[in-house]
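Below is one structure, written out as structure tokens; the observations come after it.
Number of protein chains: 2
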Amino acid sequence: MNSLDGGPLYKGVQRVLMEQLASGALKPGQLIPSERQLATEFNVSIGTLRKAIDDLVEQRILIRQQGKGTFVATHDRERLLFYFFHVVPQKGLKSYPFVESVFFQKSVASDDVANRLGIAVGTPTFHVRNKLSLDGAPVLIDDIHLDQARWPGLTPVQFKERPNTIYNLYQDAFGITVVRTEERLRAEVVDPEHAKLLKLRAGMPVLTIRRTAFDMRNQRVELRISTVNTEKHEYFAELL
Amino acid sequence: MNSLDGGPLYKGVQRVLMEQLASGALKPGQLIPSERQLATEFNVSIGTLRKAIDDLVEQRILIRQQGKGTFVATHDRERLLFYFFHVVPQKGLKSYPFVESVFFQKSVASDDVANRLGIAVGTPTFHVRNKLSLDGAPVLIDDIHLDQARWPGLTPVQFKERPNTIYNLYQDAFGITVVRTEERLRAEVVDPEHAKLLKLRAGMPVLTIRRTAFDMRNQRVELRISTVNTEKHEYFAELL
DNA sequence: AAGTGGTCTAGACCACCAT
DNA sequence: TGGTGGTCTAGACCACTTA
Chain A
212 MNSLDGGPLY KGVQRVLMEQ LASGALKPGQ LIPSERQLAT EFNVSIGTLR KAIDDLVEQR
272 ILIRQQGKGT FVATHDRERL LFYFFHVVPQ KGLKSYPFVE SVFFQKSVAS DDVANRLGIA
332 VGTPTFHVRN KLSLDGAPVL IDDIHLDQAR WPGLTPVQFK ERPNTIYNLY QDAFGITVVR
392 TEERLRAEVV DPEHAKLLKL RAGMPVLTIR RTAFDMRNQR VELRISTVNT EKHEYFAELL
Chain B
212 MNSLDGGPLY KGVQRVLMEQ LASGALKPGQ LIPSERQLAT EFNVSIGTLR KAIDDLVEQR
272 ILIRQQGKGT FVATHDRERL LFYFFHVVPQ KGLKSYPFVE SVFFQKSVAS DDVANRLGIA
332 VGTPTFHVRN KLSLDGAPVL IDDIHLDQAR WPGLTPVQFK ERPNTIYNLY QDAFGITVVR
392 TEERLRAEVV DPEHAKLLKL RAGMPVLTIR RTAFDMRNQR VELRISTVNT EKHEYFAELL
């Protein structure tokens with residue numbers, strides 16, 4: 212009776228749960244009803260209900276904790292470092308970056324930015340630039356591009372005085388959760404502006420990462436172009 | 212009775228299956244017994260048996276086909292292109308690379324190679340260099356390093372006249388299946404030898420990918436250093 | 001002790017594939 | 001038609017957390 216059907220039963224349950232998550236009816240950090248409760252609510256067996264949740268847990272949208280319950284995932288520092296930050300030292304252990312704001316300005320979408328965000332060229336955007344340091348030295352420049360229409364009233368203060376990660380800010384202030392990203396990497400000659408910030412000589416190679424982030428409804432919500440000095444660091448990925 | 216226990220029952224079943232796969236008792240391409248059969252053999256319920264297989268299917272070690280059965284995965288061209296080849300055109304569709312052999316020689320492990328393969332410096336190795344072209348132009352140089360002890364009797368002929376992928380050769384000729392890789396990427400100035408092969412000017416930036424491949428027993432079996440011209444192509448990764 | 005997720009059972013029925 | 005994997009049920013019991 213709970214509306215959505217068509218395919219398998221557990222997929223229907225999954226869609227309903229996903230919609231509640233995407234709409235904000237279930238908020239990040241919140242404890243969701245127990246499996247037994249949900250099973251009776253949806254009028255399915257506990258096995259089917261668990262199967263519906265399994266996928267969401269695998270996508271790290273929900274987090275199961277034995278004895279406590281199932282929670283809606285949040286974007287904490289740890290999650291960022293583990294799943295969304297792929298620059299590591301060539302030697303030594305991964306660590307949290309130290310972030311400094313370079314600027315926050317209004318802009319309009321260039322050809323490249325428009326294409327990657329799926330908006331029209333010339334659409335008003337925010338352009339945020341941050342400098343990230345690892346082990347005391349600048350290693351990475353982030354150029355973040357956002358559609359103004361999707362982030363009404365976003366201010367530099369929010370960006371600069373945030374205690375947590377940027378994805379956490381998106382989640383807290385706008386109810387938008389990044390669940391998936393696509394990254395495209397190239398080797399390029401460093402741009403003069405970036406060279407200065409990274410304290411790199413002109414003409415040196417840098418790694419550029421163009422990352423498109425998607426929310427729970429699979430909409431593009433952010434384009435981030437990272438420029439990385441890979442003299443002492445590198446990009447790491449584990450692939451199946 | 213089937214030996215291995217300790218944790219959950221389905222993990223035990225999984226370990227036994229995994230051992231049969233790693234030892235070659237179950238070979239790539241082969242149809243494994245049906246779930247009902249395995250369930251009675253292991254003396255577990257069908258649900259538990261399925262749960263044991265679920266993980267292996269997710270790791271793409273087994274492939275389920277409704278109505279037909281469950282098969283041991285093979286390294287065909289499609290799998291390679293989809294899961295182990297991440298260089299795509301900046302514009303247009305992904306395509307199969309055209310591979311040419313540059314050389315096949317015996318060598319000894321350098322510092323870097325030894326570290327990444329987990330062997331001692333100076334250990335005898337094979338060093339294979341291939342040139343890969345996309346859309347008619349050379350884009351990528353692969354430098355493959357293998358521990359001679361792990362690949363006894365490997366010949367250039369096998370490498371050059373192989374109809375399929377290199378991972379397929381490993382599987383057919385040595386019974387070694389690559390199931391997981393780690394990749395580390397940097398931007399570097401192109402090396403003169405590589406520049407010539409890629410028809411790149413000296414001093415241009417290239418993307419280097421250091422990939423370590425692991426088999427089913429989680430042993431390091433191959434180091435592949437790819438040097439990529441990213442003027443018209445790029446490295447693509449989708450991340451959760 | 002009560003509530004949660006994690007494991008396991010012993011089936012039934014469906015969808016798909018080969019013959 | 002018979003065999004396969006895919007879905008679903010209605011429980012039971014275990015491991016863990018909190019009070």
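Here the protein sequences line up with chains A and B, keeping their order.
To convert a position in the first sequence, counted from 1, into my numbering, add 211.
To convert a position in the second sequence, counted from 1, into my numbering, add 211.
Each residue gets a CB set at the ideal place from its N, CA and C atoms; glycine is no exception.
Small disclaimer: the values here were computed from a predicted structure and weren't measured.
Using 9 Å as the threshold, is the C-beta distance between residue i and residue j below it?
i: B/F425; j: B/R391; result: yes
i: A/T366; j: A/H286; result: no
i: A/P300; j: A/D346; result: yes
i: B/R431; j: B/L291; result: no
i: A/L232; j: A/I272; result: yes
i: A/L351; j: A/V283; result: no
i: B/T259; j: B/Y221; result: yes
i: A/E372; j: A/K342; result: no
i: B/R435; j: B/I355; result: yes
i: A/H297; j: B/L450; result: yes
i: B/T376; j: B/D402; result: no
i: A/P335; j: A/A325; result: no
i: B/N440; j: B/P349; result: yes
Is residue i buried or exposed, if buried means 16 or more other CB atoms sit within 10 Å of its CB?
i: B/Q225; result: buried
i: B/Y307; result: exposed
i: B/N254; result: exposed
i: B/A398; result: buried
i: B/R421; result: buried
i: A/V332; result: exposed
i: B/D358; result: buried
i: B/V368; result: exposed
i: B/P219; result: exposed
i: A/A250; result: buried
i: B/N213; result: Because the pLDDT of B/N213 is 45, which lies under 50, any placement of that residue in the model is unreliable, and the question is left without a value.
i: B/L304; result: exposed
i: B/N429; result: exposed
i: B/Q277; result: exposed
i: B/E445; result: buried
At which residues does the beta strand (DSSP E) containing residue i begin and terminate?
i: A/I352; result: A348 to D358
i: A/A398; result: V389 to V400
i: B/F295; result: Element bounds for B/F295: n/a, residue is neither H nor E.
i: B/G280; result: G280 to V283
i: B/Q276; result: L273 to Q276
i: A/P335; result: P335 to L345
i: B/R226; result: First-last for B/R226: L220 to S234, but that is the alpha helix (DSSP H), not the beta strand (DSSP E).
i: A/D426; result: P416 to D426
i: A/A384; result: Note, A/A384: premise wrong, no beta strand (DSSP E); alpha helix (DSSP H) at I377 to F385.
i: B/V310; result: F309 to V319
i: A/V332; result: Run containing A/V332: none; DSSP gives neither H nor E here.
Return no unless some Cβ of chain B is closer than 9 Å to the Cβ of residue i.
i: A/Y381; result: no
i: A/R395; result: yes
i: A/F293; result: no
i: A/V417; result: yes
i: A/V439; result: yes
i: A/E445; result: yes
i: A/Q369; result: no
i: A/E399; result: yes
i: A/G278; result: no
i: A/R391; result: yes
i: A/G414; result: yes
What span of residues does the alpha helix (DSSP H) with residue i cover, start to end?
i: A/A325; result: D322 to L328
i: A/I257; result: I257 to E269
i: B/L249; result: E246 to F253
i: A/H405; result: P403 to L409
If you measure from the beta carbon of residue i to each beta carbon in chain A, is any gap under 9 Å?
i: B/Q270; result: yes
i: B/L273; result: no
i: B/R361; result: no
i: B/L450; result: yes
i: B/S214; result: Unreliable positioning characterises B/S214 in this predicted model, as indicated by a pLDDT of 48, which lies under 50. A coordinate reading is not provided.
i: B/H297; result: yes
i: B/G303; result: no
i: B/G258; result: yes
May I ask whether a heavy atom of the ligand NAD can be found less than 8 Å away from the beta carbon of residue i?
i: A/V390; result: Among the components modelled here there is no ligand, and therefore nothing to report on the ligand NAD.
Whole-angstrom Cβ separation of residue i and residue j, contact assumed at under 8 Å?
i: A/G280; j: A/L242; result: 5 Å
i: B/R340; j: B/F314; result: 5 Å
i: B/T475; j: B/E393; result: In the structure as shown, chain B begins at 212 and stops at 451. Residue 475 of chain B is therefore absent and cannot be evaluated.
i: A/P416; j: B/V400; result: 6 Å
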